[in-house]
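For reference, the structure is listed below as structure tokens.
Number of protein chains: 2
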Amino acid sequence: MAGIIQPKVLKGFRDFLPTTEIPRRHLIRALEDHFSSYGYVPIDTPVLEYAEILLSKGGGETDKQTYRFTDHGGRDVSLRFDLTVPFARFVSAHKNELAMPFRRYHIAKAWRGENTQKGRYREFIQCDFDIVGTDSATADLEIMLMMAEGLRTLKAGEVTIRFNHRGLFNLLLEKLGIGEKTAEVLRIVDKLAKIGEAEVQNQLSALVGDEGAETLLDFIVAEEDNRATLAKMIRLAGAEDTGGNSPLGRLEAILAAVEDMGESARFTLDPSITRGLDYYTGIVFETFLTDLPRLGSVCSGGRYDNLTGLFMKEPVTGVGASIGLDRLMAGLEELGRLESASSNTDLLVMMLDESLMSHYQKLAQSFRAVGVRTEIYPEAKKMGAQFKFAESKGAKLALIVGGNEHENAVVTLKDLEKRENHENLSLQDALTKAQNLLTHS
Amino acid sequence: MAGIIQPKVLKGFRDFLPTTEIPRRHLIRALEDHFSSYGYVPIDTPVLEYAEILLSKGGGETDKQTYRFTDHGGRDVSLRFDLTVPFARFVSAHKNELAMPFRRYHIAKAWRGENTQKGRYREFIQCDFDIVGTDSATADLEIMLMMAEGLRTLKAGEVTIRFNHRGLFNLLLEKLGIGEKTAEVLRIVDKLAKIGEAEVQNQLSALVGDEGAETLLDFIVAEEDNRATLAKMIRLAGAEDTGGNSPLGRLEAILAAVEDMGESARFTLDPSITRGLDYYTGIVFETFLTDLPRLGSVCSGGRYDNLTGLFMKEPVTGVGASIGLDRLMAGLEELGRLESASSNTDLLVMMLDESLMSHYQKLAQSFRAVGVRTEIYPEAKKMGAQFKFAESKGAKLALIVGGNEHENAVVTLKDLEKRENHENLSLQDALTKAQNLLTHS
Numbered sequence: 018m019a020g021i022i023q024p025k026v027l028k029g030f031r032d033f034l035p036t037t038e039i040p041r042r043h044l045i046r047a048l049e050d051h052f053s054s055y056g057y058v059p060i061d062t063p064v065l066e067y068a069e070i071l072l073s074k075g076g077g078e079t080d081k082q083t084y085r086f087t088d089h090g091g092r093d094v095s096l097r098f099d100l101t102v103p104f105a106r107f108v109s110a111h112k113n114e115l116a117m118p119f120r121r122y123h124i125a126k127a128w129r130g131e132n133t134q135k136g137r138y139r140e141f142i143q144c145d146f147d148i149v150g151t152d153s154a155t156a157d158l159e160i161m162l163m164m165a166e167g168l169r170t171l172k173a174g175e176v177t178i179r180f181n182h183r184g185l186f187n188l189l190l191e192k193l194g195i196g197e198k199t200a201e202v203l204r205i206v207d208k209l210a211k212i213g214e215a216e217v218q219n220q221l222s223a224l225v226g227d228e229g230a231e232t233l234l235d236f237i238v239a240e241e242d243n244r245a246t247l248a249k250m251i252r253l254a255g256a257e258d259t260g261g262n263s264p265l266g267r268l269e270a271i272l273a274a275v276e277d278m279g280e281s282a283r284f285t286l287d288p289s290i291t292r293g294l295d296y297y298t299g300i301v302f303e304t305f306l307t308d309l310p311r312l313g314s315v316c317s318g319g320r321y322d323n324l325t326g327l328f329m330k331e332p333v334t335g336v337g338a339s340i341g342l343d344r345l346m347a348g349l350e351e352l353g354r355l356e357s358a359s360s361n362t363d364l365l366v367m368m369l370d371e372s373l374m375s376h377y378q379k380l381a382q383s384f385r386a387v388g389v390r391t392e393i394y395p396e397a398k399k400m401g402a403q404f405k406f407a408e409s410k411g412a413k414l415a416l417i418v419g420g421n422e423h424e425n426a427v428v429t430l431k432d433l434e435k436r437e438n439h440e441n442l443s444l445q446d447a448l449t450k451a452q453n454l455l456t457h458s
Numbered sequence: 018m019a020g021i022i023q024p025k026v027l028k029g030f031r032d033f034l035p036t037t038e039i040p041r042r043h044l045i046r047a048l049e050d051h052f053s054s055y056g057y058v059p060i061d062t063p064v065l066e067y068a069e070i071l072l073s074k075g076g077g078e079t080d081k082q083t084y085r086f087t088d089h090g091g092r093d094v095s096l097r098f099d100l101t102v103p104f105a106r107f108v109s110a111h112k113n114e115l116a117m118p119f120r121r122y123h124i125a126k127a128w129r130g131e132n133t134q135k136g137r138y139r140e141f142i143q144c145d146f147d148i149v150g151t152d153s154a155t156a157d158l159e160i161m162l163m164m165a166e167g168l169r170t171l172k173a174g175e176v177t178i179r180f181n182h183r184g185l186f187n188l189l190l191e192k193l194g195i196g197e198k199t200a201e202v203l204r205i206v207d208k209l210a211k212i213g214e215a216e217v218q219n220q221l222s223a224l225v226g227d228e229g230a231e232t233l234l235d236f237i238v239a240e241e242d243n244r245a246t247l248a249k250m251i252r253l254a255g256a257e258d259t260g261g262n263s264p265l266g267r268l269e270a271i272l273a274a275v276e277d278m279g280e281s282a283r284f285t286l287d288p289s290i291t292r293g294l295d296y297y298t299g300i301v302f303e304t305f306l307t308d309l310p311r312l313g314s315v316c317s318g319g320r321y322d323n324l325t326g327l328f329m330k331e332p333v334t335g336v337g338a339s340i341g342l343d344r345l346m347a348g349l350e351e352l353g354r355l356e357s358a359s360s361n362t363d364l365l366v367m368m369l370d371e372s373l374m375s376h377y378q379k380l381a382q383s384f385r386a387v388g389v390r391t392e393i394y395p396e397a398k399k400m401g402a403q404f405k406f407a408e409s410k411g412a413k414l415a416l417i418v419g420g421n422e423h424e425n426a427v428v429t430l431k432d433l434e435k436r437e438n439h440e441n442l443s444l445q446d447a448l449t450k451a452q453n454l455l456t457h458s
């Protein structure tokens with residue numbers, strides 16, 4: 018005989034018990050409703066794809082972290098490490114079936130074999146939403162407004178959206194004559210919040226010299242208000258073109274709209290936000306909870322000029338963002354705003370007599386039909402054990418029906434919180450009573 | 018420069034465009050609500066597990082079909098091929114955190130490298146629901162009632178539940194002295210619907226001789242009603258024990274409850290239903306759509322005495338079922354009952370002037386706040402192009418606001434189906450009008 022196998026999960030992977038999975042499902046459904054209210058539609062793509070497709074960008078870290086293997090048919094395959102590359106492949110494959118501009122959301126798992134010591138998980142849920150097929154300012158604005166609204170919907174409270182335009186940053190680098198060092202500069206600037214100004218200046222000095230480092234640092238530190246910050250950025254980067262699609266024109270259009278909407282307090286122009294990654298080309302942004310800023314960004318993204326370049330010649334521009342659901346849930350929990358439901362049971366039908374099981378089933382169906390989530394205790398155990406079970410499920414009501422009640426076509430409804438019995442009720446009265454007690458509890 | 022990569026998915030895997038993903042998400046949410054109304058709670062487990070855990074049963078076919086590889090840490094891992102084995106592992110790992118009896122549902126993907134020529138997919142969604150920790154007849158009944166109710170909720174119409182008890186079948190095999198050939202007999206009997214009575218008899222004869230084959234065939238063919246079928250089963254299997262937990266006692270309890278609930282037409286005792294798999298030990302069942310019987314079973318399951326035997330010594334009994342969502346969706350589509358939504362857009366805000374973008378965003382927020390799913394056209398293209406887009410999204414309404422309307426604080430609401438303009442409306446009137454038009458369309 019085989020021995021007992023230890024029922025453990027892989028490092029960096031997690032089981033979700035009802036206590037966490039119920040609030041997680043509720044968050045996901047609230048996000049689905051939120052995205053849908055903006056006309057975004059869901060799509061789905063395979064978890065497993067050709068490695069060539071997922072890893073074609075050849076990013077070193079990502080490649081190392083991606084789960085990759087050879088399948089039964091000898092194919093070189095990988096588990097997706099994000100939802101962006103699969104979306105690029107999807108848009109390329111179905112371009113002719115999608116009405117452009119195309120707004121989609123995708124809430125699904127992705128996997129990275131990351132070092133779990135950072136408190137990161139190897140299996141995580143991404144919530145991505147994008148508009149592709151338009152390079153308009155209103156699309157940039159919409160994605161940022163959706164983030165803020167979405168987080169409020171999830172009771173995360175007030176947020177600050179820190180945004181920037183990569184194009185203006187690039188202008189500065191060109192003016193400084195260090196355009197070829199863009200990637201390294203971005204990597205350093207991206208660490209500002211983590212390592213501080215002094216260390217960023219040290220590292221930049223080593224890369225581009227003291228003078229360049231000083232200008233860069235001056236550039237990336239935000240001023241007291243958005244207009245002052247923009248004025249400084251224009252001065253340092255020497256930006257002149259204010260056309261609608263120029264970096265400066267785009268920033269000005271966004272700023273004007275934000276001011277007009279009375280959203281200035283929520284939107285901060287922050288030139289240090291660059292999102293590191295190379296594929297962003299326009300507006301970039303990160304979102305922080307006002308009540309928990311040190312949590313870091315819970316939703317970020319930006320505009321990319323050529324999402325689909327790897328898969329087709331015709332470029333597709335887009336703007337999108339991704340919510341880190343794990344981090345957000347941790348934040349909501351810390352703020353005490355994560356729903357604490359661990360059960361779906363409003364009412365427990367007590368089992369007094371197993372021969373009445375069809376009667377209990379019929380009663381339960383009547384309660385469910387009026388919206389009362391109803392569970393039946395499946396064995397005729399002692400009442401004490403059954404009440405204890407009801408309590409462990411947080412059920413507010415119990416339905417007690419023995420042989421006498423059955424014969425007289427009545428029921429007893431017990432309010433478990435007030436420990437109050439409502440006896441000899443007709444089924445109809447019990448249904449009404451239950452609905453009232455649940456609404457007002 | 019790297020060449021263009023073909024944006025194709027792996028064989029047996031699928032992209033879901035909004036046209037299919039919207040109805041699929043709606044089905045899943047309807048199932049979540051249905052399961053919750055019975056007090057079932059959601060859980061989640063990792064997609065990737067130790068191969069030792071998933072494959073410990075050592076089933077030949079399953080092993081060959083499972084995606085298995087060595088991860089970065091040298092661990093032997095697999096993608097789950099169903100949700101049952103992970104649930105067994107989950108229950109064993111968290112036994113002390115779960116109030117028993119424990120009712121859970123799990124709707125998630127699983128993967129099998131199956132031969133795709135059968136019209137099967139290598140990536141598919143399972144919808145599992147189980148009650149563990151009780152061996153009661155009411156739990157068996159509840160799972161079957163939930164299947165029937167759930168399918169009606171999804172507009173699949175009337176269903177027939179074909180059920181049986183594996184214990185009675187085992188009694189017969191023992192009486193015939195062929196208990197050691199149970200697995201082979203089950204494999205043959207399970208093919209009855211596919212290969213027909215004559216071929217089943219041939220194969221059984223070769224295995225157990227003509228006489229045994231004749232008795233077996235007699236046994237598995239249902240009579241005209243449940244009571245007659247049961248009488249024949251009792252006679253052939255020589256069943257005598259009618260105790261509550263005996264196979265016969267259990268079948269009689271279920272039959273009595275089904276009759277008492279007026280559900281006899283829906284529940285058919287069918288001794289040919291055995292569910293092949295070895296781990297079922299009690300009640301087993303399959304569900305067929307009355308309007309599309311040849312689709313095959315869309316939901317099936319049964320009772321297992323020892324779910325967790327591989328992971329702990331203490332046995333945990335349970336009963337559960339699994340809905341094949343892909344097959345069910347194919348059936349609903351064939352019946353013309355699959356929702357044909359391909360969009361989440363009720364109203365399109367037309368973009369007449371890009372400088373009004375903050376105004377359009379504010380208007381859109383007002384409509385969303387009253388439940389109107391509102392998309393903004395992101396560029397000031399010709400009206401014709403924008404109306405065509407609205408049509409392609411199935412939007413019922415358009416909001417038209419140019420400079421004049423903006424100055425006068427009015428809007429034009431266009432009913433796109435009736436091609437009717439409602440002009441010079443205040444925002445408040447437009448909101449009410451939009452709600453009315455959407456409710457009554």
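In order, the protein sequences belong to chains X and P.
Using the working numbering, the first residue of the first sequence is number 18, and each one after it goes up by one.
Using the working numbering, the first residue of the second sequence is number 18, and each one after it goes up by one.
The beta carbon of each residue, even a glycine, is placed where N, CA and C say it ideally should be.
- Taking 8 angstroms as the CB threshold, A274 of chain P lines the interface with chain X.
- Annotation for A338 of chain X: the continuous beta strand (DSSP E) segment containing it runs 335-341.
- Secondary structure of H89 of chain P (DSSP, three-state): coil.
- Counting C-beta atoms within 10 angstroms of its own C-beta, A274 of chain X has 16 or more neighbours from the protein chains shown and is therefore classed as buried.
- In the displayed model, L272 of chain X falls within a helix according to three-state DSSP.
- Looking from the CA of F146 of chain P, the closest CA among P:D363, P:V336, P:E408 belongs to P:V336.
- Taking C-beta atoms under 8 angstroms as the contact rule, F302 of chain P and M161 of chain P qualify, at a distance of about 6 angstroms.
- In this structure, V315 of chain X places its C-beta atom within 8 angstroms of the C-beta atom of G341 of chain X.
- Taking 8 angstroms as the cut-off, the beta carbon of I124 of chain P is found no closer than this to the beta carbon of I60 of chain P.
- Assigned with DSSP and collapsed to three states, T199 of chain P falls in helix.
- K126 of chain X: member of the beta strand (DSSP E) spanning 119-128, first to last residue.
- Assigned with DSSP and collapsed to three states, V102 of chain P falls in helix.
- Between S281 of chain X and S317 of chain X, the C-beta spacing is not below 8 angstroms.
- When secondary structure is reduced to three states using DSSP, Q23 of chain X falls in the coil class, being assigned neither helix nor strand.
- The beta carbon of G348 of chain P sits closer than 8 angstroms to those of A173, L306, L309, L312, V315, all from its chain and outside the five residues before and after it, given in chain order.
- Close to chain P, meaning a Cβ-Cβ distance shorter than 7 angstroms, is no residue of the stretch 181-196 of chain X at all.
- Y55 of chain P sits away from E166 of chain X, with the two beta carbons spaced by 8 angstroms or more.
- Here the alpha carbons of L253 of chain P and A402 of chain X stand approximately 41 angstroms from one another.
- Among the residues facing chain P, S109 of chain X is included, as its CB has a counterpart in that chain under 8 angstroms away.
- The stretch 183-202 of chain X makes contact with the stretch 258-275 of chain X; the number of CB pairs closer than 8 angstroms reaches 3 or more.
- Rounded to whole angstroms, the separation of the alpha carbons of K450 of chain X and M374 of chain P is 50 angstroms.
- Straight-line spacing of the CA atoms in G20 of chain X and L327 of chain P works out to 8 angstroms.
- The stretch 407-416 of chain P and the stretch 351-366 of chain P touch, with no fewer than 3 CB-CB distances between them shorter than 8 angstroms.
- Here F30 of chain X has Y138, R139, E140 as same chain residues with Cβ atoms under 8 angstroms from its own Cβ, once five neighbours each way along the sequence are excluded.
- Counted as a single uninterrupted DSSP element, the stretch harbouring H439 of chain X is not any alpha helix (DSSP H) but the beta strand (DSSP E) occupying residues 437-442.
- Sequence-distant partners of L268 of chain X (beyond 5 residues in either direction) whose C-beta falls short of 6 angstroms from its own C-beta, in its chain, are H182.
- Excluding five sequence positions before and after I205 of chain X, the CB atoms of its chain that fall closer than 8 angstroms to its own CB belong to V217, Q220, L221, L224, given in chain order.
- Contacts with chain P at 8 angstroms (Cβ-Cβ) include L27 of chain X.
- In the three-state reduction of the DSSP assignment, E350 of chain P falls in the helix class, which pools H, G and I.
- In this structure, the beta-carbon distance from T177 of chain P to T291 of chain P does not fall below 8 angstroms.
- In summary, H51 of chain X is buried, with 16 or more beta-carbon neighbours lying within 10 Å of its beta-carbon over all protein chains present.
- V428 of chain P is bridged by DSSP to P:L442.
- A direct Cα-Cα distance of roughly 13 angstroms separates T155 of chain P from G299 of chain P.
- The distance from the Cβ of I237 of chain P to that of L209 of chain P is about 7 angstroms, consistent with a contact at the 8 angstroms cut-off.
- Counting C-beta atoms within 10 angstroms of its own C-beta, S357 of chain X has fewer than 16 neighbours from the protein chains shown and is therefore classed as exposed.
- Within the stretch 142-156 of chain P, the residues whose Cβ lies closer than 8 angstroms to some Cβ of chain X are I148, T151, S153, A154, T155, A156, listed in chain order.
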